[in-house]
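Protein chains in written order, with my numbering: chain W, 3 to 114; chain C, 209 to 317. Down below is the structure, laid out as structure tokens.
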Amino acid sequence: DTGVSQDPRHKITKRGQNVTFRCDPISEHNRLYWYRQTLGQGPEFLTYFQNEAQLEKSRLLSDRFSAERPKGSFSTLEIQRTEQGDSAMYLCASSRYENEQFFGPGTRLTVL
Amino acid sequence: GQNIDQPTEMTATEGAIVQINCTYQTSGFNGLFWYQQHAGEAPTFLSYNVLDGLEEKGRFSSFLSRSKGYSYLLLKELQMKDSASYLCAVKSNDYKLSFGAGTTVTVRA
């Protein structure tokens with residue numbers, strides 16, 4: 003399977019802990035996106051990378067959130083001092099062209 | 209801001225046709241996407257419209273009217289496996305998608 007992959011698929015953590023998620027995009031896709039989805043809602047844009055450059059970061063991302071794509075390939079999303087409101091599905095997508103975005107299976111975060 | 213509206217739920221019978229409407233008011237427009245999402249799974253790409261008109265792809269068709277801020281997704285010959293959430297998303301610039309809350313379609317035998 004050469005689709006977008008995300009790890010882990012599920013993460014349960016206690017409030018106040020730090021968590022890190024990984025996304026591996028489809029090979030040769032230079033564009034990478036992070037979204038967050040809560041139950042009953044559509045995904046919300048978090049951030050966008052073109053190659054290794056982070057071109058936009060949503061105001062939804064507080065200072066506790068940071069994303070990197072150091073070599074223009076895989077990306078990580080870190081949440082520091084997690085809060086119960088951070089519980090959601092974190093989705094990664096990648097694309098080569100503007101008229102597409104292919105989503106990975108997501109990481110479901112539960113903060114207790 | 210972005211405002212994207214679609215019905216919350218729709219129910220249809222196997223073999224029938226269902227049309228899911230989406231209206232949008234966004235600060236920019238650079239294309240409209242439709243995605244299918246089964247419960248607990250990632251969204252799967254269905255269609256992309258950037259010009260006015262109808263795009264047909266097998267049992268699924270998508271229509272766009274930019275002047276009216278309106279799109280619809282047409283699902284024909286419904287199958288049980290089509291029961292899912294259907295998401296309308298507008299690309300407001302080169303990369304950012306703004307999604308509606310999704311329409312849950314239930315297909316009954």
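We put the beta carbon where it would ideally sit given N, CA and C, even for glycine. Bear in mind that the values here come from a model prediction, so they are computed numbers and not experimental data.
Which chain W residues are close to residue 306/C, counting only those with a beta carbon under 9 Å from its beta carbon? Using a Cβ-Cβ cut-off of 9 Å, residue 306/C is close to 44, 46, 47 of chain W, given in chain order.
So, for residue 20/W: in the same chain, excluding its five sequence neighbours on each side, which residues have a beta-carbon less than 6 Å away from its beta-carbon? 82
Answer yes or no: do residue 245/C and residue 282/C have a C-beta to C-beta separation smaller than 8 Å? no
Proximity of residue 79/W and residue 13/W at Cβ, strictly below 8 Å: Taking 8 Å as the Cβ cut-off, residue 79/W and residue 13/W do not qualify as a contacting pair.
Span separating the alpha-carbon of residue 241/C from that of residue 302/C: In this structure, the CA atom of residue 241/C is about 13 Å from the CA atom of residue 302/C.
Which of the residues in the region 70-104 of chain W, read from start to end, lie with their CB under 7 Å from any CB of chain C? 93, 100, 101, 102, 103, 104
Taking C-beta pairs closer than 9 Å, name the residues in chain W that residue 310/C reaches, listed in chain order. What residue 310/C touches in chain W: 42, 43, 44.
What residues from the region 250-261 of chain C come within 8 Å of chain W, judged by C-beta to C-beta, listed N to C? 250, 251, 252, 253, 256, 258
One or two residues paired with residue 288/C in a DSSP bridge: Partner(s): none; residue 288/C has no beta bridge.
Along chain C, which residues have their Cβ under 7 Å away from the Cβ of residue 33/W? 303
Would you kindly work out how many angstroms separate the C-alpha atoms of residue 24/W and residue 109/W, rounded to a whole number? 9 Å
How big is the Cα-Cα spacing for residue 269/C and residue 233/C? 22 Å
State the DSSP-derived secondary structure class of residue 213/C, mapped to helix, strand or coil. strand
9 Å Cβ cut-off: residues of chain C touching residue 58/W: 301, 303, 304
Compute the distance between the beta-carbons of residue 214/C and residue 228/C, then report whether it is under 8 Å. yes
Please list, in chain order, the chain C residues whose beta carbon lies closer than 8 Å to that of residue 107/W. Those within 8 Å of residue 107/W in chain C are 249, 250.
Straight-line gap, residue 249/C to residue 102/W (C-alpha atoms, nearest Å): Each residue's alpha carbon lies about 18 Å from the other.
Pick helix, strand or coil for residue 175/C, following the three-state DSSP scheme. Look at the range of chain C in this structure, 209 to 317, and you will see that residue 175/C is not part of it.
Measure from the alpha carbon of residue 6/W to the alpha carbon of each residue in 68/W, 48/W, 77/W, 61/W, then state which is nearest. 77/W
Simplified DSSP state of residue 26/W, which is helix, strand or coil: Note: residue 26/W maps to strand in three-state DSSP.
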